[in-house]
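Asks:
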Amino acid sequence: MRTWSKLLCVLFILVGIFACEEPFVPEPVENAEQYVVEGYVEAGEGSNFSYVIITKTVPFFSEISPDQYASLFVDDATVTVNDGSNDVTFTKLCLSDIPDDLKDQAGELIGINPDSTDINVCIYVDIFDQLIREVGRTYSLEVTIENEEEIITAQTTIPEIIPLYDFVFRDTPGVPIEGLAQLWCKISDPLEKNYYRYFTQADSTALISPFNSVTNDGAWNGQEFEFPISKAEPAGADFDPNTFGMFTEGDTIIMKWCTIDSIHYDFWETFEYARNNQGPFSAYTRIKTNVDGAWGIFGGYGVSASELVVEK
Amino acid sequence: MRFIITFCFVIGLLPLSNAQNKYTFSGYIKDANSGETLVGANLLNIDDPSLGTNSNTYGFFSITLDEGVYTFIISYLGYNEEVLNVDLSEDVQLNIELTEGVLMEAVEISAKEQQKDNNVESTQLGVVDLPVSKIKKLPALMGEVDILKTLQLLPGVLSSGEGSSGFYVRGGGPDQNLVLLDEAVVYNTGHMLGFFSVFNADALKNTTLIKGGMPAYYGGRLSSVVDVQMKEGNNKHYGVEGGVGLISSRLTLEGPIQKEKSSFILSGRRTYILDLAQPFLEGRDFEGTNYYFYDFNAKVNYRFSPKDRIYLSAYFGRDILDFNQPKRDFSFRLPYGNITSTLRWNHLFNNKLFMNASLIYNDYQLEFNGGQGDFVFKLFSGVKDYNAKLDFDYFPNPKHSIKYGANYTYHVLTPNTVSATNGDVDFETGFEAKHGQEIAFYVQDDIKVNNTFSLNAGLRYSIFSQMGPYTSKLDSSAYDLFESVVTYQGLEPRLSAKLSVSPTASLKGGITFTNQYLHLATNSSSTLPTDIWVPSTEIVKPQRGIQYALGVFKNFMDNSLETSIEVYYKDLQNQIDYADDQVPDITQEDEDVFVFGIGRSYGAEFFIRKSTGKFTGWIGYTLSRTERSFPEIENGRWYPTSYDRRHDLSVVANYEISPKWELGATFIYGSGRWYTPYESFAFIEGGINTIFGPRNSGQLVPYHRSDISLTFKPGANKPKKKYKGTWNFSVYNVYNRKNPFFIYYDTSISQTGAAQLSASQVTIFPIIPSISYNFKWNQKAVN
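Protein chains in written order, with this note's numbering: chain A, 927 to 1238; chain B, 5 to 787.
The structure is reproduced here in structure tokens:
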């Protein structure tokens, strides 16, 4: 349906030959600062360690310098996750504590370039991998922040892993483009309701999610079928309708396919719809958060990751 | 059904048993040149102005008076008046023909002096008749005359967006307007995403807007009625009419099939602007991409006896969007549009009792067929009605004008049904069409109690049943075809009253109860062809509304200047919307994701209109507030809707410089549209992500613009010419106001980690000049 709305906008573009634009400065909206939680627990082949990032919201039209950005990261919190068997208190890990060769990876995680700034930000990590990360478990997050009365809580589960298989790279659709290929794969979707999210790593980018990274099996529940996968493009990348989503032959890529629970899916579905749905006929969409006492996401991933060489 | 027929004929024929102790003057009021019946023409009894009448929707009038000789003035806007002496020593049946033309000022004033204007005299509030001939004289976007955009210039009627033909009336949603074309419901009134309406002005005769006291004759919507009548076709001479504009051309043929007994009209219109762009797309990424719309109106009528006439009218319109991206093997076709057809039988039982029986079919469809490689995707949605109605107009005496009847409609509403194929695998949403039947009975009486006080009292009783096939989502019960799932019903009393305080002034008040059983919810900021109509079901309750209205009506300058002030308050129940975290999902049915709430709107409308003379036009100003509250949206906080415009001003002016030159101008001002602003942003996955503030808590800058038009009629001083051409020069947005159509945001993070945020407003219609040429050929030259 999102594609549907976008396609309608094509019509608007076709007729909007007179359109012009100019800067718009809206009235500021009064709002209270909120805490933002972003945390994940993963299980499966290719899964990451568990971590939680705590930041604060910023009024929409504030100027944000790198120093101000760094000040949004909360470093006086106590973060505990219960995996159903034990409580694990995450360790505060600041950029200055990380060895240089891991800083780039950490920078990508939190959205800064560690080489270009000397700011120091902190996140909370299950540094000793004490959580039992396995399919079927429910994880409860509890965050207390110094001098704050309210406790931030959230819950997530890691659903059964449903991997992709039979990966194959084929010619780009329509007129084949030399040097590019489209990735196809198969899935055998179980009968119950399932939710998925994926990431790719290609063209020397980090492992990133595409603009529409989540889907559910509402239209194909219980079926086995083949479908194409688009390469995730970094934010701000140039859009070329003929090459968008295609992989470069010869590259080695990572395809990370995850099952998620319905609340986790709701967050990304509303998040991406709100982000992508701008235009003349769009309406606002409020993002469904699963965090009580703050805004954000605490999600579990059932991971199946594959390293693939792009060759037809 | 048997009950309806029995009701209609027993109740309908009762007036036949009335003893006649007075005499009746009846007939049709028509255009002398074309034989077209004139709707709402005024028949004024000069001896006692309170004992006059108007022609009904079919041009029929009837007035019963004591034996005597009476003088009547018959008038209709834009036509020369007729003065008739009628000897009522027996019943008189007479068809009256009026000649189109401009009155001499002196005659006009003299007639006006004796004529209480309908504005003051009528018992109804919030009713405006707009002859299409008047609409054609106003400036138009790209030269495309549009009746719905003209309605937006009236107080209480708001445009749904820049350039849009969509409209909101007194705080009602877009689904709360009943739009009828020859009695058939038009579910989607827009071409090109609403930038142009589906109504081709060349094929139309008259448009009536009812925004206040909806008479009991109408039902099924809460806010307003737009009743559009197609021309019947000239039954005296053949004629051709058309126009060539920048984006479309039109052609209309009409003439007698059997002179003065039967006639036809055929009218078509098609856009071509993107057809012309096709050569420039050859070899490019989007070669073959095209968009166009067309529509076709047809009508025939046959008078097979002095008392019987049948009409068959039809409309067919389609928008077609073809999108092609050959290098990616991606394409889709998106056709959508309406079909309506109406078969009507007008029968005169006697000179007091008029009957109209109609069979109506309307069908709105939207399809999407597209795909890439082996992947094929199809979507269909639509709404289809089968409608039978029977209406009687009974004129027992000048103090009563009674209308009653019954209406049966069977609705079939298909939600988005999706099927897709990917190689050997098929996907289907499997949603079934929803069925419903709607039955209504009504009676209304326009009662002239005395010379100063009159009433329009009506009662409508409506029943709606959701019908099978359906499987209950509440208890899993299965219902077969035509089996009732749930039934809703309601009495809808309608009352309006008028008290004349002087020959040129009156006070009016009214209360209107309405029920609405079909609904359209949209999560877009505008109405779109993809919006889905849904019926009331076991989950979705009918919308109900009550409107209270009061008005002061006063005419000046010998009735040539109408003024009015109307205030209203509207209370709305069971309003429907999507939750604010709703994401469209083709695998979900709309009724499962709706939220329900309440609404209110109130306001004051000020109106001044000059309808006669060389200088005509109006000024309308509305001060209003419209709010909704839904428990699931911000805990029931009252918020202004997109239909809320605190201030709305329209100025419309038309000046006839000479018989050859005519100048038109409009000015529009409206408070800025409400929108939901971003409140703050947050960092997720290393990127900037935005969080919305309270719903509709931001306001865009006010909207205003002025349009002008100049019409040149080179043959105006040669009235006997059979061929007449007219040039129309229009400038839309003459002072190039950059009104916001929408705003968008851009967020990014620089290499140094600095966040960069910006918002832009997009204007789609700056100053746009246009030129169009319209022509008319008539077999017999007329003035």
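Note that CB positions come from ideal geometry on N, CA and C, so glycine has one too.
1) Determine, using beta carbons only, whether B:TYR27 and B:ASP133 come nearer to each other than 8 angstroms.
2) Whose C-beta lies closer than 6 angstroms to the C-beta of B:GLU666 among residues of the same chain, with five residues either side of it excluded?
3) B:SER710 and B:PHE671 - do their beta-carbons sit closer together than 8 angstroms?
4) Which residues in the same chain have their Cβ closer than 7 angstroms to the Cβ of A:PRO1154, if we skip the five residues on either side of it in sequence?
5) For B:TYR552, which residues from the same chain have a beta carbon less than 6 angstroms from its beta carbon, with the 5 sequence-adjacent residues on both sides left out?
6) Can the beta-carbon of A:GLY1219 be found closer than 8 angstroms to that of A:GLU1076?
7) For B:LYS331, does the three-state DSSP call read helix, strand or coil?
8) Need the endpoints of the alpha helix (DSSP H) that B:LEU285 sits in, please.
9) Determine which residues share a DSSP beta bridge with B:ILE536 and list them.
10) Return the residue from the list B:LYS724, B:ASN328 and B:THR256 that minimises the CA-CA distance to B:GLY287.
11) Tell me whether B:LYS780 sits in a helix, a strand or coil according to DSSP, three-state version.
12) Determine the closest residue to A:THR1083 out of A:PHE1095, A:GLU1074, A:ASP1097 and A:TYR1065, with distance taken between C-alpha atoms.
13) Counting beta carbon pairs with one atom in the stretch 199-217 of chain B and one in the stretch 349-369 of chain B, are three or more of them shorter than 8 angstroms?
14) Is there a Cβ from chain B that is less than 8 angstroms from the Cβ of A:ARG1212?
15) In angstroms, rounded to a whole number, what distance separates the CA positions of A:PHE1093 and A:LYS1112?
16) Measure how close the beta-carbons of B:ASP575 and B:GLY549 come, nearest whole angstrom, since I'm counting them as under 8 angstroms.
17) Do B:TYR465 and B:PHE445 have their CB atoms nearer than 8 angstroms?
18) Using the Cα positions of B:SER317 and B:LEU347, report the straight-line distance between them to the nearest angstrom.
19) Return helix, strand or coil for A:TRP1194, following the three-state DSSP convention.
20) Name, please, each residue of chain B whose Cβ falls closer than 9 angstroms to the Cβ of A:SER1135.
21) What do you reckon, are the CB atoms on B:ASP179 and B:LEU524 nearer than 8 angstroms?
22) Quick one: give me the first and last residue of the beta strand (DSSP E) that B:LEU98 is part of.
23) What residue ranges within the stretch 285-318 of chain B form continuous beta strand (DSSP E) runs of no fewer than 3 residues, ordered along the chain?
24) Would you please verify whether the beta carbon of A:VAL936 is less than 8 angstroms from any beta carbon of chain B?
25) Can you give the beta carbon distance from A:ALA1158 to A:THR1185, rounded, assuming they're within the 8 angstroms contact cut?
26) Starting from the beta carbon of A:TRP1110, find every residue of chain B whose beta carbon is closer than 7 angstroms, and list them in chain order.
27) Taking contact to mean at least 3 C-beta pairs separated by less than 8 angstroms, is the stretch 530-540 of chain B in contact with the stretch 473-487 of chain B?
28) Rounded to whole angstroms, how far is the Cβ of B:LYS726 from the Cβ of B:ASN782, which I believe are closer than 8 angstroms?
29) What are the partner residues of B:ALA45, as DSSP defines its beta bridges?
30) Report yes or no: do three or more beta-carbon pairs, one from the stretch 992-1008 of chain A and one from the stretch 1046-1066 of chain A, lie closer than 8 angstroms?
31) Please classify B:GLN579 as buried or exposed, where buried requires at least 16 neighbouring CB atoms within 10 angstroms.
32) Looking at C-alpha atoms only, which residue of B:LEU155, B:GLU487, B:THR103 and B:PHE171 is the closest neighbour of B:THR212?
33) Taking B:LEU152 as the reference, give the member of B:GLY194, B:LYS263 and B:ALA188 with the closest Cα.
34) Kindly list, in the order they appear in chain A, the residues whose Cβ is closer than 8 angstroms to that of B:PRO744.
35) Excluding five sequence neighbours on each side, which residues of the same chain lie with their C-beta closer than 6 angstroms to the C-beta of B:GLU258?
36) For A:ALA996, which three-state DSSP category applies?
Replies: With the given structure in hand:
1) Within the second sequence, the letter at position 23 stands for residue 27 of chain B. Within the second sequence, the letter at position 129 stands for residue 133 of chain B. No. Outside cutoff.
2) Counted from its first residue, the second sequence places residue 666 of chain B at position 662. Closer than 6 angstroms at Cβ, skipping near neighbours: GLU660 and THR715.
3) Taking the first residue of the second sequence as position 1, residue 671 of chain B is located at position 667. Taking the first residue of the second sequence as position 1, residue 710 of chain B is located at position 706. Their beta carbons are under 8 angstroms apart, which means B:PHE671 touches B:SER710 by this criterion.
4) Here residue 1154 of chain A refers to the residue found at position 228 when the first sequence is read from its first residue. Contacts found: GLN1108, LEU1109 and TRP1110.
5) Numbered from 1 along the second sequence, position 548 holds the residue referred to as residue 552 of chain B. Cβ within range, chain order: ILE515 and TYR573.
6) The sequence position of residue 1219 of chain A within the first sequence is 293, counting from 1. The sequence position of residue 1076 of chain A within the first sequence is 150, counting from 1. Yes, Cβ-Cβ distance for A:GLY1219 and A:GLU1076 is below 8 angstroms.
7) Residue 331 of chain B sits at position 327 when you count from the first residue of the second sequence. In the structure shown, B:LYS331 sits in a helix (DSSP, three-state: H, G or I).
8) As a working note, residue 285 of chain B is residue 281 in the second sequence. Segment 282-285, the alpha helix (DSSP H) holding B:LEU285.
9) For the purposes of this step, residue 536 of chain B is taken as residue 532 along the second sequence, with counting starting at 1. Partner(s): B:ALA525.
10) Indexing the second sequence from 1 puts residue 287 of chain B at position 283. Ranking B:LYS724, B:ASN328 and B:THR256 by Cα distance to B:GLY287 puts B:ASN328 first.
11) By one-based count along the second sequence, residue 780 of chain B stands at place 776. B:LYS780 falls in the strand class under three-state DSSP.
12) Counting from 1 along the first sequence, the entry for residue 1083 of chain A is found at position 157. Taking only the C-alpha atoms, the option nearest A:THR1083 is A:TYR1065.
13) Not touching, per the Cβ criterion.
14) Stepping through the first sequence from its first residue, residue 1212 of chain A is reached at position 286. Output row for A:ARG1212: interface = yes.
15) Within the first sequence, numbered from 1, the residue matching residue 1093 of chain A stands at position 167. Within the first sequence, numbered from 1, the residue matching residue 1112 of chain A stands at position 186. Near 7 angstroms, if we compare the C-alpha coordinates of A:LYS1112 and A:PHE1093.
16) As a position in the second sequence, residue 575 of chain B is number 571, starting the count at 1. As a position in the second sequence, residue 549 of chain B is number 545, starting the count at 1. Right, the Cβ-Cβ distance comes to about 7 angstroms (below 8 angstroms), so this counts as a contact.
17) What you label residue 465 of chain B is simply residue 461 of the second sequence in a count that begins at 1. What you label residue 445 of chain B is simply residue 441 of the second sequence in a count that begins at 1. A contact, by the Cβ cut-off of 8 angstroms.
18) Here the question's residue 317 of chain B lines up with position 313 in the second sequence. Here the question's residue 347 of chain B lines up with position 343 in the second sequence. Using only the alpha carbons, I get a separation of about 7 angstroms.
19) Counted from its first residue, the first sequence places residue 1194 of chain A at position 268. If DSSP states are grouped into helix, strand and coil, A:TRP1194 belongs with the helices.
20) Locating residue 1135 of chain A in the first sequence gives position 209, where the first residue counts as 1. Correct list: GLU689.
21) Residue numbering aside, residue 179 of chain B sits at position 175 when the second sequence is read from its first letter. Residue numbering aside, residue 524 of chain B sits at position 520 when the second sequence is read from its first letter. Yes. Within cutoff.
22) Here residue 98 of chain B refers to the residue found at position 94 of the second sequence. B:LEU98 -> no beta strand (DSSP E), and no H or E assigned at all.
23) If we require 3 residues or more, the beta strand (DSSP E) runs fully inside the stretch 285-318 of chain B come out as 294-309.
24) The count along the first sequence starts at 1 and reaches residue 936 of chain A at position 10. The predicted model places A:VAL936 with a pLDDT of 48, which falls under 50 and marks its position as unreliable; any figure quoted below should be read in that light. Output row for A:VAL936: interface = yes.
25) Looking up residue 1158 of chain A in the first sequence gives position 232. Looking up residue 1185 of chain A in the first sequence gives position 259. With a Cβ gap of about 18 angstroms, A:ALA1158 and A:THR1185 do not count as contacting.
26) Taking the first sequence and counting its residues from 1, the one referred to as residue 1110 of chain A is at position 184. Near A:TRP1110 there are no residues of chain B at all, since even the closest Cβ is about 10 angstroms away, more than 7 angstroms.
27) Too few Cβ pairs lie closer than 8 angstroms, so no.
28) Counting from 1 along the second sequence, the entry for residue 726 of chain B is found at position 722. Counting from 1 along the second sequence, the entry for residue 782 of chain B is found at position 778. Right, their Cβ atoms sit about 6 angstroms apart.
29) Walking along the second sequence from the start, residue 45 of chain B turns up at place 41. None, per the DSSP bridge assignment.
30) Two segments are said to touch when three or more pairs of C-beta atoms, one from each, lie closer than 8 angstroms; by this definition the stretch 992-1008 of chain A touches the stretch 1046-1066 of chain A.
31) Reading the second sequence from its first residue, position 575 is the one you call residue 579 of chain B. By the neighbour-count rule (16 or more Cβ atoms within 10 Å), B:GLN579 is buried.
32) For the purposes of this step, residue 212 of chain B is identified with residue 208 of the second sequence, where counting begins at 1. Residue B:LEU155 is the option with its Cα nearest to B:THR212.
33) To locate residue 152 of chain B, count along the second sequence from 1; it is residue 148. Selected option, being the one with the closest Cα: B:GLY194.
34) Within the second sequence, residue 744 of chain B is the residue found at index 740, counting from 1. In chain order: PHE950.
35) As a working mapping, residue 258 of chain B is identified with position 254 in the second sequence. Same-chain partners within the cutoff: GLY237, ASN238, GLY243 and ILE269.
36) Here residue 996 of chain A is taken as the residue at index 70 of the first sequence, counted from 1. Of the three classes helix, strand and coil, the one that applies to A:ALA996 here is helix, per DSSP.
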